[in-house]
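In my numbering, the protein residues as written are 208 to 497.
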């Protein structure tokens with residue numbers, strides 16, 4: 208049914224669809240102060256939820272590989288957060304790299320050969336890239352500030368990331384070898400979680416401004432910034448493979464509140480809740496499955 212829906216969407220809009228896709232996310236159950244978080248996967252409409260971890264350890268930020276076969280995510284082993292790979296068919300997992308210190312915020316390169324992540328050591332954090340075959344790792348930012356949330360451009364030639372090197376939390380772009388880092392965000396507020404659209408034409412981000420959390424987009428040169436949605440606590444945008452719809456999660460207030468996943472299109476319209484069996488956060492969209 209999803210494949211047929213994609214064909215209809217393409218005829219109506221001229222855009223490729225996204226119905227035959229999946230989303231990895233964090234399934235959250237239990238009281239707010241003792242919430243159990245599990246890795247989970249679902250169809251993009253919220254159906255066919257399958258849990259991928261048992262809930263004994265804290266898991267965060269799952270992200271798909273370009274082949275859809277694997278995810279990378281962060282989990283606490285003992286008291287240290289580490290970046291892992293998991294094969295979705297077999298459930299097998301392995302640690303990515305033997306880094307000293309905490310590793311987090313992982314993402315795959317567009318060719319699936321490398322994982323980029325943040326490594327925290329001594330109060331600051333640097334962006335590292337690791338080749339999954341050779342296990343070679345490369346430091347891309349100097350480690351003199353807090354640099355995190357890296358995301359590749361779809362051609363793999365540039366990386367967008369968040370940094371406080373200028374005093375405030377802003378968005379920067381650099382070449383994928385770490386050269387020519389330059390700030391692109393220019394508005395008010397604290398910018399975080401930038402992620403490049405699969406088409407390359409926009410960068411989505413979270414922004415904290417005056418006690419509100421906004422999800423917005425800007426062009427890769429920083430122009431054309433606009434807000435798509437705002438709320439008490441919005442976070443973590445992820446792109447549909449057609450680059451025209453975003454998912455994010457929104458935390459509700461109060462003791463009984465929790466996180467829910469929403470989608471919104473690039474115009475800022477058609478915001479809808481993705482119905483999940485329990486609270487849900489940290490969504491990441493797959494590439495098209497076929």
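We put the beta carbon where it would ideally sit given N, CA and C, even for glycine. Quantities reported herein were computed from a predicted structural model and do not represent experimental measurements.
Option nearest residue i by Cα separation, candidates the options
| i | options | result |
| --- | --- | --- |
| residue 460 | 439, 346, 418 and 264 | 439 |
| residue 353 | 345, 365, 344 and 369 | 369 |
| residue 301 | 257, 342 and 247 | 342 |
| residue 405 | 451, 462 and 230 | 451 |
| residue 375 | 388, 367, 392 and 474 | 392 |
| residue 401 | 413, 232 and 441 | 413 |
| residue 389 | 298, 367 and 292 | 367 |
| residue 350 | 337, 249 and 372 | 372 |
| residue 363 | 471, 407 and 345 | 407 |
| residue 361 | 427, 326 and 276 | 427 |
| residue 263 | 236, 276, 252 and 277 | 236 |
| residue 275 | 287, 292 and 419 | 292 |
| residue 337 | 299, 250, 279 and 380 | 279 |
| residue 521 | 398, 249 and 471 | A query on residue 521 cannot be resolved here, the shown segment of the chain reaching from 208 to 497 and no further. |
| residue 281 | 232, 319 and 251 | 232 |
| residue 319 | 420, 469, 277 and 429 | 277 |
| residue 421 | 458, 386, 258 and 387 | 458 |
| residue 544 | 323, 419, 441 and 403 | Residue 544 lies beyond the range of the chain shown here (208 to 497); nothing can be said about it. |
| residue 286 | 257, 308, 403 and 247 | 308 |
| residue 403 | 387, 419, 429 and 386 | 429 |
Distance CB(residue i)-CB(residue j) smaller than 8 Å
| i | j | result |
| --- | --- | --- |
| residue 316 | residue 359 | yes |
| residue 425 | residue 417 | no |
| residue 242 | residue 234 | no |
| residue 484 | residue 448 | no |
| residue 481 | residue 454 | yes |
| residue 321 | residue 295 | no |
| residue 456 | residue 487 | yes |
| residue 266 | residue 272 | no |
| residue 499 | residue 443 | Residue 499 cannot be examined here, being either before or after the span of the chain that is shown, 208 to 497. |
CB-CB length for residue i against residue j, believed under 8 Å
| i | j | result |
| --- | --- | --- |
| residue 378 | residue 357 | That belief does not hold up - the Cβ atoms of residue 378 and residue 357 are roughly 11 Å apart, past 8 Å. |
| residue 328 | residue 268 | With 8 Å as the limit, residue 328 and residue 268 do not qualify as a contact, their Cβ atoms being about 19 Å apart. |
| residue 478 | residue 436 | 6 Å |
| residue 314 | residue 345 | With 8 Å as the limit, residue 314 and residue 345 do not qualify as a contact, their Cβ atoms being about 15 Å apart. |
| residue 297 | residue 332 | Not confirmed; about 32 Å, so no contact. |
Heavy atom of the ligand ZN within 7 Å of residue i beta-carbon
| i | result |
| --- | --- |
| residue 345 | Annotation note on the ligand ZN: not contained in the displayed structure, which lists no ligands. |
Buried versus exposed, by CB contacts within 10 Å (16 or more), residue i
| i | result |
| --- | --- |
| residue 499 | For residue 499 there is no data in the structure shown, the boundaries of the chain being 208 and 497. |
| residue 348 | buried |
| residue 254 | exposed |
| residue 395 | exposed |
| residue 382 | exposed |
| residue 229 | buried |
| residue 584 | For residue 584 there is no data in the structure shown, the boundaries of the chain being 208 and 497. |
| residue 330 | exposed |
| residue 325 | buried |
| residue 474 | exposed |
| residue 465 | buried |
| residue 289 | buried |
| residue 467 | buried |
| residue 470 | buried |
| residue 441 | buried |
| residue 227 | buried |
| residue 251 | buried |
| residue 310 | buried |
Within-8 Å CB hit, residue i to chain D
| i | result |
| --- | --- |
| residue 257 | Although the question refers to chain D, the structure presented lacks it and comprises just one protein chain. |
Continuous beta strand (DSSP E) assignments of at least 3 residues falling wholly in the stretch 214–279: 229–236, 243–250 and 266–271
For the stretch 296–330, list the beta strand (DSSP E) runs that are entirely contained and at least 3 residues long, ordered along the chain. 300–302, 309–315 and 321–328
Can you give, in chain order, each stretch of the alpha helix (DSSP H) that sits fully within the stretch 364–418 and has at least 4 residues? none
Would you list, in sequence order, the uninterrupted beta strand (DSSP E) runs of no fewer than 3 residues that lie entirely inside the stretch 442–494? 452–458, 466–472, 479–481 and 486–492
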